[in-house]
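*Asks:*
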Amino acid sequence: AQRVTQPEKLLSVFKGAPVELKCNYSYSGSPELFWYVQYSRQRLQLLLRHISRESIKGFTADLNKGETSFHLKKPFAQEEDSAMYYCALRDTGTASKLTFGTGTRLQVTL
Amino acid sequence: DTGVSQDPRHKITKRGQNVTFRCDPISEHNRLYWYRQTLGQGPEFLTYFQNEAQLEKSRLLSDRFSAERPKGSFSTLEIQRTEQGDSAMYLCASSSGGYTFGSGTRLTVV
Numbered sequence: 000a001q002r003v004t005q006p007e008k009l010l011s012v013f014k015g016a017p018v019e020l021k022c023n024y025s026y027s028g029s030p031e032l033f034w035y036v037q038y039s040r041q042r043l044q045l046l047l048r049h050i051s052r053e054s055i056k057g058f059t060a061d062l063n064k065g066e067t068s069f070h071l072k073k074p075f076a077q078e079e080d081s082a083m084y085y086c087a088l089r090d091t092g093t094a095s096k097l098t099f100g101t102g103t104r105l106q107v108t109l
Numbered sequence: 029d030t031g032v033s034q035d036p037r038h039k040i041t042k043r044g045q046n047v048t049f050r051c052d053p054i055s056e057h058n059r060l061y062w063y064r065q066t067l068g069q070g071p072e073f074l075t076y077f078q079n080e081a082q083l084e085k086s087r088l089l090s091d092r093f094s095a096e097r098p099k100g101s102f103s104t105l106e107i108q109r110t111e112q113g114d115s116a117m118y119l120c121a122s123s124s125g126g127y128t129f130g131s132g133t134r135l136t137v138v
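Which chain is which? The protein sequence lines are A and B, in order.
Just so we're aligned: 32 in the numbering used here is position 33 of the first sequence, and the numbers increase by one with no gaps anywhere.
Each number in the numbering used here corresponds to the 1-based position in the second sequence with 28 added.
#1: Could you list the residues in the stretch 81-107 of chain B with a C-beta less than 9 Å from some C-beta on chain A, going in chain order?
#2: Rounding to the nearest angstrom, what Cα-Cα distance links K96 (chain A) and D90 (chain A) in this structure?
#3: Could you tell me whether the stretch 56-64 of chain B touches the stretch 33-41 of chain B, using the rule of 3 or more Cβ pairs below 8 Å?
#4: Return helix, strand or coil for Q82 (chain B), following the three-state DSSP convention.
#5: If you drop the 5 nearest sequence neighbours on each side, which residues of the same chain put their C-beta closer than 6 Å to that of M117 (chain B)?
#6: Checking contacts by CB at 9 Å: is R48 (chain A) closer than that to chain B?
#7: For the beta strand (DSSP E) containing C120 (chain B), name the first residue and the last one.
#8: Between the stretch 43-55 of chain B and chain A, which residues of the former have CB atoms less than 7 Å from a CB of the latter, in chain order?
#9: Since I107 (chain B) sits in a beta bridge, which residues does DSSP pair it with?
#10: So, using beta-carbon positions, are L105 (chain A) and V3 (chain A) closer together than 9 Å?
#11: When the Cα atoms are used, what is the spatial distance from P98 (chain B) to E80 (chain B)?
#12: So F99 (chain A) contacts chain B; which residues on that side make the cut at Cβ distance below 7 Å?
#13: Go to T69 (chain A), then tell me how far its beta strand (DSSP E) extends in each direction, as first and last residue.
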């Protein structure tokens, strides 16, 4: 069965410090991985996906199949990055449903 | 089109009552999903529609739960004989590739 693990419930960093939100997965096939973000009082929204290999709001994430990881990184945290971050894996079945991790709350302080 | 709409935003009900939630997806999206999110957890898949056909249901979806998408447009999720354990945020998402989530319906069973 597929599984997504986010080991940290809360990550607190100072403004300007580097950020790394960890995500590990288990999946028997070829995974498609995503990071979703939920800002305070807003809906869940896509931040980035591994296949696009892009940087969104300064965040990047690289799929490491050897370590089965998809960690989210940003070199310099900003206050507006404070939010709940969810790593998700999409299966390749008919439903293309998402399996989410439990989420990590990122708190950026001055 | 303002995205995925869910109604109501909040619902408080007494244990044993029936409740129904509505989701209006993005009009050109043929895929519609329901997820449930409890405190401290990521969203968990409940069910999936391709147009009007319900193609997959999670084992989380007990026989007290029923979902419909009668004309392949809006969808309803009904919970009969609600229990306190049903208290959660119920999220709807639509997709034609990427997911777009609604703001959710927060159910509290007292």
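Where is the CB? At the ideal position from N, CA and C, for every residue including glycine.
*Replies:* This is what the structure holds:
#1: L83, E84 and S86
#2: 6 Å
#3: no
#4: strand
#5: Q65, G132 and R134
#6: yes
#7: A116 to S123
#8: none
#9: B:V47 and B:F93
#10: no
#11: 6 Å
#12: G70 and P71
#13: It is Phe, not Thr, that sits at residue 69 (chain A) in the sequence shown. Looking at the DSSP string, F69 (chain A) is not in any beta strand (DSSP E), and its letter there is neither H nor E.
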